[in-house]
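Under our numbering, the first residue of the sequence shown is numbered 1219, with each subsequent residue one higher.
Reviewing the structure listed below.
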Amino acid sequence: MPYFNLNDSLNLISKFTVRRTWNAGKVWLSYQLSKLTGKPLQWGYPISISFEPTTSCNLRCPECPSGLREFTRPTGMLQKSFFEQTIDDIHKDLLYLIFYFQGEPYLNPDFLNMVKYAHDKGIYTATSTNAHYLTDAKAKATVESGLDRLIISIDGTTQDVYQSYRIGGKLEKVLEGARNIVKWKKELKSSTPFIFFQFLVVKPNEHQIEEVKKLGKEIGVDQVRFKTAQV
């Protein structure tokens, strides 16, 4: 069954303007016609775009090019000026901004400034983090930035299981970061970000599925989600 959260869904819907709705309709229609005719049609502009704040990461996850240091390009940071120029060009049609890929977003010092820039343009923003940098101050700044969705990767409820995949990681740092963001969301009386634990189910941790559900409830995240490994 697909995951659903009413408040998060209503928040996303609130980002639709007349122009964005019209643009999304054109994109959808051109896609349907492309399937019917077998010919590529492209109407409208992207309704969603992905930016990677950085290719660097503090962990060494064995299935990740960033963790394995296997990138063929130099490790780098997304430049704020380039990001802002791109957003200026497309924000009237853009609905959804994905702010992650294989690096740890919080390693980019301009990350939350860029989130706020997109938020101020009425764009839905989502990111994923290993939560090691969600200090009290960063958690507060995250809520204040207007971030709409925060995915916290947590693949174990004990240190030994967690570190079997998140090599170099500290489970207690993840839990501390999660508690910080939940605390500031409450203290600032903010409806965002929508916070959920994401648990990558593999054989070494499958016995902890029920435990992570309980942990998520105890800390106060909005949801716990499960996914399988992508190889």
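Quick reminder that beta carbons are idealized off the backbone N, C-alpha and C, glycines included.
The C-beta of aspartate 1306 has fewer than 16 other C-beta atoms within 10 Å across all chains shown, which makes the residue exposed.
For lysine 1257, the secondary structure class from DSSP, reduced to helix, strand or coil, is coil.
Scanning the region 1319-1389 from its first residue to its last, the whole beta strand (DSSP E) runs of 3-plus residues come out as 1342-1347, 1367-1371. Your pair proline 1258 and serine 1266 does not check out as a contact, with CB atoms roughly 19 Å apart and the cut at 8 Å.
Cβ-Cβ distances below 8 Å link arginine 1291 to Thr1273 in the same chain, with the five nearest sequence neighbours on each side left out; the list follows chain order. Contact annotation, arginine 1367 with proline 1411: C-beta distance approximately 6 Å; criterion of less than 8 Å satisfied. The beta carbons of aspartate 1328 and lysine 1298 sit closer together than 8 Å. Where serine 1299 is concerned, the enclosing alpha helix (DSSP H) starts and stops at 1298-1308. Assignment of beta-bridge partners to arginine 1443 by DSSP yields Gln1416.
Nearest to serine 1248 by alpha-carbon distance, out of Ala1349, Asn1326, Gln1260, Ile1437, is Gln1260.
In this structure, DSSP gives tyrosine 1314 an extended state, which the three-state scheme calls strand.
Contact check for valine 1392 and leucine 1365: beta-carbon distance about 18 Å, past the 8 Å limit, so the pair fails to qualify.
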